[in-house]
Amino acid sequence: MRTPFTRAAAVLILALVGAGTARADDPPFVGTWSLDPAHCGAGQESENAPLVVTKERYDQHESHCSFKSVEERDGDWKIASECTVEGSAMPYDFLLTVSGDTLTFTDSGGPRDFLRCK
């Protein structure tokens, strides 16, 4: 017999399992990343918001990018994207490299190391 608590717990578990979890067939760059782990819980309205990366896009604060192409080569992912930053559209190319729980994000400004949010 299911109690209201059991049903609520089941719904919560299903929601957590389906919410932003990386699947085994996803590239290792999929996930939530932050320059500072203390900011992992920040909302996207915050300037310190974590970087949220899927197979097709990434979002961070006022930057929203859709991937046009993703090329994997020797553990690096070269990505060409179209981004909207503070309302302005622009092309943006960058390279992602994952080593353990570190995502190195390299663009024309140089590399930055993000840590996987847990």
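Going left to right, the sequence shown walks through residues 35 to 152 as my numbering numbers them.
Just so you know, even glycine gets a beta-carbon here, dropped at the ideal spot from N, CA and C.
The structure presented is a predicted model; accordingly, all values stated were derived computationally and were not measured.
Going by beta carbons, Pro84 and Ala72 fall outside the 8 Å limit. Looking at the backbone, the Cα of Ser122 and that of Gln94 are separated by about 15 Å. In terms of Cα proximity to Glu96, the closest of Glu106, Ser103, Lys102 and Cys117 is Cys117. The alpha-carbon of Ser80 is positioned some 11 Å away from that of Cys74. Straight-line spacing of the CA atoms in Val87 and Glu105 works out to 16 Å. A Cβ-Cβ distance of about 10 Å is found for the pair Trp111 and Leu137, leaving them out of contact under the 8 Å criterion. When Asp108, Gly109 and Asp127 are compared, the shortest CA-CA separation from Ser115 is found for Asp127.
Every beta strand (DSSP E) stretch that sits fully inside the region 123-152 and reaches 3 residues is listed by chain position as 136-141 and 144-150. When DSSP reads this structure, Lys112 sits in a beta bridge with Glu105 and Leu129. Here Asn82 has His73 and Ala76 as same chain residues with Cβ atoms under 6 Å from its own Cβ, once five neighbours each way along the sequence are excluded.
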